[in-house]
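A.B. asks: Okay, handing you the structure first.
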Amino acid sequence: MISNEFSVLSDLSWGKYRKGNPVGVHLDSKFSHIDEVWESDYPTRSNTSDIERFQNIVPIFGDSFMFCAGLPRHHELSHLLNAKYSNIKFVNFGKPGSGNTRIITRIEQWVNDELSKKTKTIIVGLSSMYRFDYYMDTDYPTSVSAHNSIYDLESHKILRAFDLMPQMNPKDLYNTEKPEMQRKIQKNISKVWAHMVEQETSYTNVWLKNVETNIRRLDWITKAMNWNVIFVNNLSWHESMHPDDRNVLNKYLKDMDIPQRKFKIINMWEENNTVQDRCDCGHWGVETIKNMTREIIREYDGI
Numbered sequence: 007m008i009s010n011e012f013s014v015l016s017d018l019s020w021g022k023y024r025k026g027n028p029v030g031v032h033l034d035s036k037f038s039h040i041d042e043v044w045e046s047d048y049p050t051r052s053n054t055s056d057i058e059r060f061q062n063i064v065p066i067f068g069d070s071f072m073f074c075a076g077l078p079r080h081h082e083l084s085h086l087l088n089a090k091y092s093n094i095k096f097v098n099f100g101k102p103g104s105g106n107t108r109i110i111t112r113i114e115q116w117v118n119d120e121l122s123k124k125t126k127t128i129i130v131g132l133s134s135m136y137r138f139d140y141y142m143d144t145d146y147p148t149s150v151s152a153h154n155s156i157y158d159l160e161s162h163k164i165l166r167a168f169d170l171m172p173q174m175n176p177k178d179l180y181n182t183e184k185p186e187m188q189r190k191i192q193k194n195i196s197k198v199w200a201h202m203v204e205q206e207t208s209y210t211n212v213w214l215k216n217v218e219t220n221i222r223r224l225d226w227i228t229k230a231m232n233w234n235v236i237f238v239n240n241l242s243w244h245e246s247m248h249p250d251d252r253n254v255l256n257k258y259l260k261d262m263d264i265p266q267r268k269f270k271i272i273n274m275w276e277e278n279n280t281v282q283d284r285c286d287c288g289h290w291g292v293e294t295i296k297n298m299t300r301e302i303i304r305e306y307d308g309i
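Just so we're aligned, residue 7 is where the sequence shown starts under this note's numbering, counting upward by one.
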């Protein structure tokens with residue numbers, strides 16, 4: 007099996023390349039004294055040291071909200087769920103900044119993992135439909151020639167993926183890179199971001215290329231794997247839709263709940279009081295993550 011963070015042909019073993027490095031995600035000011043590093047061979051803050059002894063593994067996928075950005079790992083979703091179920095292993099593969107294509111790609115990478123045969127249910131939340139993934143060979147950021155192999159064992163050193171969206175300053179996409187890397191890629195990323203904002207983020211293009219395609223991928227993958235789904239519906243995913251299109255999508259999601267593959271939806275909104283607090287970065291706070299945990303437990307126990 008190849009090991010490449012960005013490839014649907016890979017498993018998740020690429021996580022070991024960053025083990026020991028800082029997680030690098032902003033924590034709320036009340037937790038600013040905590041420094042977290044990647045401790046697992048998987049790309050997760052969850053404790054996976056004992057993962058192989060479990061016969062039931064429930065992976066979690068999504069962007070920064072599912073990752074629980076702003077909160078340290080002891081307040082994170084999988085930590086709370088593992089405290090509830092001693093015989094089930096919950097592992098959070100959420101990644102801050104992910105667009106929907108990269109969220110679904112991580113699901114496919116879990117499919118390729120040997121331990122995925124122990125999965126019966128997944129938990130997933132999607133991101134803003136205006137986030138588009140863009141991939142770059144940082145040695146040759148503007149070249150159309152095949153200078154470096156995508157599947158080279160050292161590709162993790164030169165390949166990068168950026169989830170572009172109109173509201174995000176392109177500098178925020180690479181500000182965690184080393185200065186030398188920033189100098190190599192900043193001009194190209196700024197040009198790509200400007201082009202995307204001007205050309206690719208019309209509502210029609212976004213809907214047909216991002217929303218429909220990724221919902222269908224989620225449908226097909228979970229049917230093929232016989233995986234139940236707990237879908238976390240949040241406003242960053244839902245609020246930008248035309249009401250008629252939202253109705254079509256909601257019906258499609260509800261129709262995904264079939265006898266051979268349960269599909270349960272929980273709504274994380276201020277309007278229903280499931281979202282009660284936020285970190286200083288705007289992500290869900292401690293009480294909101296507790297609310298999401300309770301909602302997931304309720305749906306999981308009913309499957």
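Glycine included, every Cβ here is placed at the ideal spot set by N, Cα and C.
R137 and G105 look like a contact to me (Cβ under 8 Å); what is the Cβ gap, rounded to whole Å?
C.D. replies: As a position in the sequence shown, residue 137 is number 131, starting the count at 1. As a position in the sequence shown, residue 105 is number 99, starting the count at 1. Confirmed, about 3 Å.
A.B. asks: Tell me whether the beta-carbon of M363 lies closer than 8 Å to the beta-carbon of M298.
C.D. replies: For residue 363 there is no data in the structure shown, the boundaries of the chain being 7 and 309.
A.B. asks: Among the residues of its own chain, which have a CB less than 7 Å from the CB of P147, if the five just before and after it don't count?
C.D. replies: Taking the sequence shown and counting its residues from 1, the one referred to as residue 147 is at position 141. If we look at P147 and ignore the five residues flanking it on each side, its Cβ neighbours are K190, I191, N194.
A.B. asks: Just grab the DSSP bridge partners of K95 for me.
C.D. replies: Position 89 of the sequence shown, counting from 1, holds the residue named residue 95. Answer is I63.
A.B. asks: Hey, would you say D47 sits closer than 8 Å to S19, going by beta carbons?
C.D. replies: Working through the sequence shown from its first residue, we reach residue 47 at position 41. Working through the sequence shown from its first residue, we reach residue 19 at position 13. In contact: D47 and S19 (Cβ atoms closer than 8 Å).
A.B. asks: Does DSSP put F12 in a helix, a strand or coil?
C.D. replies: Translated into the one-based positions of the sequence shown, residue 12 becomes position 6. Reduced to three states, the DSSP call for F12 is coil.
A.B. asks: Within its chain, find whatever has a CB closer than 6 Å to the CB of L86; leave out the 5 residues flanking it on each side and keep chain order.
C.D. replies: The residue you call residue 86 lines up with position 80 of the sequence shown. Excluding sequence neighbours, L86 sits near T299.
A.B. asks: So, are the CB atoms of L132 and I295 less than 8 Å apart?
C.D. replies: Taking the first residue of the sequence shown as position 1, residue 132 is located at position 126. Taking the first residue of the sequence shown as position 1, residue 295 is located at position 289. No, these two residues do not count as a Cβ contact at 8 Å.
A.B. asks: Taking the runs of the beta strand (DSSP E) that are 3 residues or longer, which of them lie wholly in the region 259-292?
C.D. replies: 269-274
A.B. asks: Who pairs with N239 in a beta bridge, going by DSSP?
C.D. replies: Here residue 239 corresponds to residue number 233 of the sequence shown, with the count starting at 1. Beta-bridge partners assigned by DSSP to N239: N273.
A.B. asks: Where F71 and W290 are concerned, what is the direct C-alpha to C-alpha distance, given to the nearest angstrom?
C.D. replies: Walking along the sequence shown from the start, residue 71 turns up at place 65. Walking along the sequence shown from the start, residue 290 turns up at place 284. Answer to the nearest angstrom: the Cα atoms are 7 Å apart.
A.B. asks: Locate the beta strand (DSSP E) running through D143, then write down its first and last residues.
C.D. replies: Mapped onto the sequence shown, residue 143 falls at position 137. 138-143 is the extent of the beta strand (DSSP E) around D143.
A.B. asks: From N256 to N216, what does the alpha carbon distance come to, in whole angstroms?
C.D. replies: Stepping through the sequence shown from its first residue, residue 256 is reached at position 250. Stepping through the sequence shown from its first residue, residue 216 is reached at position 210. For N256 and N216, the distance between alpha carbons rounds to 16 Å.
A.B. asks: Drop a sphere of 10 angstroms on the beta-carbon of P249, count the other beta-carbons inside from all chains shown, and report buried for 16 or more, exposed for fewer.
C.D. replies: Translated into positions along the sequence shown, residue 249 becomes position 243. It is exposed - the Cβ of P249 has fewer than 16 other Cβ atoms within 10 Å.
A.B. asks: Does DSSP put V43 in a helix, in a strand, or in coil?
C.D. replies: In the sequence shown, counting from the first residue as 1, residue 43 sits at position 37. V43 falls in the strand class under three-state DSSP.
A.B. asks: In angstroms, rounded to a whole number, what distance separates the CA positions of N118 and N279?
C.D. replies: Position 112 of the sequence shown, counted from the start, is the residue given in the question as residue 118. Position 273 of the sequence shown, counted from the start, is the residue given in the question as residue 279. Using only the alpha carbons, I get a separation of about 37 Å.
A.B. asks: Within the continuous alpha helix (DSSP H) that includes F73, where are the two ends?
C.D. replies: The residue labelled residue 73 in the question sits at position 67 within the sequence shown. Element bounds for F73: 70-73.
A.B. asks: What does D169 pair with, by DSSP beta-bridge criteria?
C.D. replies: As a first step, residue 169 is located in the sequence shown; it is residue number 163 there, counting from the start. Note: D169 sits in a beta bridge opposite D139.
A.B. asks: Among all the DSSP beta bridges, which residues are the ones paired with G131?
C.D. replies: In the sequence shown, residue 131 corresponds to position 125, counting from 1. G131 is bridged to V238.
A.B. asks: Restricting to Cα atoms, I'd like to know which of I303, A152, A230, F168 is closest to S122.
C.D. replies: As a working mapping, residue 122 is identified with position 116 in the sequence shown. The shortest Cα separation from S122 among I303, A152, A230, F168 belongs to A230.
A.B. asks: Looking at the secondary structure, which residues open and close the alpha helix (DSSP H) in which Y180 lies?
C.D. replies: By one-based count along the sequence shown, residue 180 stands at place 174. Looking at the DSSP string, the run of the alpha helix (DSSP H) that includes Y180 is 177-180.
A.B. asks: Our contact map puts I110 next to R223 with C-beta atoms below 8 Å; I'd like the distance itself, whole angstroms only.
C.D. replies: Within the sequence shown, numbered from 1, the residue matching residue 110 stands at position 104. Within the sequence shown, numbered from 1, the residue matching residue 223 stands at position 217. About 5 Å separates the two Cβ atoms, so the contact holds.
A.B. asks: With H, G and I counted as helix, E and B as strand and the rest as coil, what does DSSP make of L159?
C.D. replies: Reading the sequence shown from its first residue, position 153 is the one you call residue 159. Here DSSP, grouped into helix, strand and coil, assigns L159 to coil.
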